[in-house]
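Participant: If you scroll down you'll find the structure; I have some questions about it.
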Amino acid sequence: MQQQVSGFSKFSKAEKINWLITNYFNGNTQAKTLLESYWNADRKLQQLHDEFIENTISNFYMPFGVAPNFLINGKNYTLPMTIEESSVVAAASNAAKFWSTRGGFKTSVLSTTKIGHVHFMFEGDQNTLQSYFENIKPQLLEATKPLTKNMEKRGGGILDLNLIDCTSKMKHYYHLEATFETKDAMGANFINSCLEQIATTFEALSQNSPELHEHEPKVVMSILSNYVPNCVVRAEVTCKIEELTLEGHFTGAEFAEKFIQAVRIAEVEPYRAVTHNKGIMNGVDAVVIATGNDFRAVEAGVHAYAAKNGQYTSLSHAKIENDTFTFWMDLPLALGTVGGLTGLHPMVKIALELLGKPSAKELMEIVAVAGLAQNFAALRSLTTTGIQKGHMKMHLLNILNQIGATDTEKEDLILHFKTNSVSHRAVVEALKNLRD
Ligand code: MEV
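In this note's numbering, the protein residues as written are 627 to 1062.
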């Protein structure tokens, strides 16, 4: 059985690794050598990464790729994408190229407000609480002024504060719901600081307040919500049906019809919707991670949005009207281009520079386009050649690396598999034949 350890976070990096080697690797130092080989030679850069989290022992690489030719609202972009799945960047690039000759992507930000709550319990009369809240609301907002001053200078701040009765969901449960505009910041720290200040002031004012007749509200917690249905961007592509012709395979009308059926299936069938939306998130997460944003927050918010009407459904939609094909998606995205990792992580700085230092709104548009492009590419493959052809072609290099092919063997086998179908077994056999 492995040992418990106390004071681990106080160990030096070398001590932490030695402890792991002793306790988990039978003293074999190969793992230590590997962990150290991933350290950056630039000590300052390594220290920066060490200090992002606690107990850092090494770095974990993810590929940083780019997908060019994204025409968005008439402007060309090359998207930075951080992702390990082999086919994602290639698929994004293909979809970008395809739509760049058909008018490109159009986007618009529909709304940008975020929400946070002070959750509390109150056992007294609801009307009394409501009028008490209206009385103290200016004081609650006033208490946040030192925190909101700078954000207000940038055009953001607290937009509203309301008391919401949640007692139908849970006995004695209410919350104060604050809405925020955080401009170019994702705003999590700002929102949470404001909420905690509101909670502290709310409790302090309520103590011994004669209006509440000795029923003091008891705060449970204060936190932003990652569900952001009022921070939404729309991305769409549109073209004449005949422009969708896939030479030698489908007429534009045939392709459009099959494509729309595929989207419809994701709209009505949750099993399919989850995979369909996962494909969208392949594009979304890759750009979200590359630009230093919180992909867990985005994932949680997006999937909640996909289930907002009570059944999990497709995020994207498609239609044909007057011989015109339209494919679109509304996506809730709380993103930032200032604060957090954006000014700290050198690769994030590069990614944002590559995008022309976008505002948070522009980044919302770019990320939504990455998702729509990815979804288009996936559905095009699924409804025509099938997904494995492209997937396995991209996966070929992974297999070759895994089975230890040399550079020249790789070159020969990549050529061989241009005209042969890829499977793990086929690649192993082809390498064996080549060596024989
Ligand atoms: C794979 O990462 C993503 C797809 O499964 C998406 C989809 O099925 O639409 C190809």
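Note that beta-carbon positions come from the ideal geometry of N, C-alpha and C, so glycine has one too.
Counting pairs of beta carbons, one from the segment 816–832 and one from the segment 716–731, are three or more of them closer than 8 Å?
Facilitator: Cβ pair count under 8 Å is below three, so no.
Participant: Go ahead and pull the three-state DSSP assignment for L959.
Facilitator: The answer is coil: DSSP assigns L959 none of H, G, I, E or B.
Participant: Go through the segment 970–1009 residue by residue and report every complete run of the alpha helix (DSSP H) that reaches 4 residues or more, in order.
Facilitator: Those alpha helix (DSSP H) runs which fall completely within the segment 970–1009 and span 4+ residues are 972–980 and 986–1009.
Participant: I think L697 touches S726, with their Cβ atoms under 8 Å apart; what is that distance to the nearest whole Å?
Facilitator: Right, the Cβ-Cβ distance comes to about 4 Å (below 8 Å), so this counts as a contact.
Participant: Under 7 Å Cβ to Cβ from T877, same chain only, skipping five residues before and after it: list those, please.
Facilitator: Cβ within range, chain order: T871.
Participant: Any idea which residues DSSP pairs V859 with across the strands?
Facilitator: Paired residues: V735 and L957.
Participant: Is the segment 882–896 close to the segment 1006–1013, with three or more CB pairs under 8 Å?
Facilitator: Yes, the segment 882–896 is in contact with the segment 1006–1013.
Participant: Nearer than 8 Å: is that true of the beta carbon of L1005 relative to any heavy atom of the ligand MEV?
Facilitator: The answer is yes for L1005.
Participant: Helix, strand or coil, according to DSSP, for K701 in the structure here?
Facilitator: Note: K701 maps to strand in three-state DSSP.
Participant: Sorted by chain position, which residues of the same chain lie with C-beta nearer than 6 Å to V858's C-beta, five sequence neighbours on each side aside?
Facilitator: Contacts found: L736, S737, D956 and P958.
Participant: The ligand MEV and V714: does the residue's C-beta get closer than 8 Å to at least one heavy atom of that ligand?
Facilitator: Yes; taking the cut-off as 8 Å, the Cβ of V714 has a heavy atom of the ligand MEV nearer than that.
Participant: Does the ligand MEV have even one heavy atom less than 8 Å from the beta-carbon of L1008?
Facilitator: At least one heavy atom of the ligand MEV is nearer than 8 Å to the Cβ of L1008, so yes.
Participant: Which residues does DSSP list as the beta-bridge partners of Y800?
Facilitator: Answer is F746 and D791, bridged to Y800.
Participant: Does the segment 782–789 come into contact with the segment 760–770, if we say contact requires no fewer than three beta-carbon pairs (one atom in each stretch) closer than 8 Å?
Facilitator: In short, these stretches touch, since the Cβ pair count reaches three.
Participant: Between which two residues does the beta strand (DSSP E) harbouring E947 extend?
Facilitator: From DSSP, the beta strand (DSSP E) with E947 extends over S942 to E947.
Participant: Hey, quick one: how far does the beta strand (DSSP E) through S719 stretch, first residue to last?
Facilitator: It is not in any beta strand (DSSP E) - S719 instead sits in the alpha helix (DSSP H) that spans V714 to S726.
Participant: According to the Cβ coordinates, are K639 and T708 closer than 9 Å?
Facilitator: No, the Cβ-Cβ distance between K639 and T708 is not below 9 Å.
Participant: Any idea what DSSP makes of P689, helix, strand or coil?
Facilitator: Looking at P689 - three-state DSSP - the assignment turns out to be coil, as it is neither helix nor strand.
Participant: Identify the residues that DSSP records as bridge partners of E807: which are they?
Facilitator: Paired residues: G783.
Participant: My output table needs one value for V964: the three-state DSSP class, helix, strand or coil.
Facilitator: Reduced to three states, the DSSP call for V964 is strand.
Participant: I need the straight-line Cα distance from R890 to H943, nearest angstrom please.
Facilitator: Their Cα atoms are separated by approximately 8 Å.
Participant: From the DSSP output, which residues share a beta bridge with F876?
Facilitator: Its beta-bridge partners are L872.
Participant: Which value, in whole angstroms, describes the spacing of the CA atoms of Y799 and P772?
Facilitator: Cα to Cα, the separation comes out at about 29 Å.
Participant: Quick one: residues in its chain with C-beta nearer than 7 Å to the C-beta of M847, no 5 flanking neighbours on either side, listed in chain order?
Facilitator: These residues qualify, in order along the chain: H745.
Participant: Does the contact criterion of 3 or more C-beta pairs under 8 Å hold for the segment 994–1005 versus the segment 836–851?
Facilitator: No contact exists between the segment 994–1005 and the segment 836–851.
Participant: For K908 and V993, what's the separation of their Cα atoms in angstroms?
Facilitator: Just to set this straight, residue 908 is Asn in the shown sequence, not Lys. Their Cα atoms are separated by approximately 11 Å.
Participant: Between the segment 746–753 and the segment 836–847, do at least 3 Cβ pairs fall closer than 8 Å?
Facilitator: Enough Cβ pairs lie closer than 8 Å, so yes.
Participant: Under three-state DSSP, which class holds K844?
Facilitator: In this structure, K844 counts as strand in the three-state DSSP scheme.
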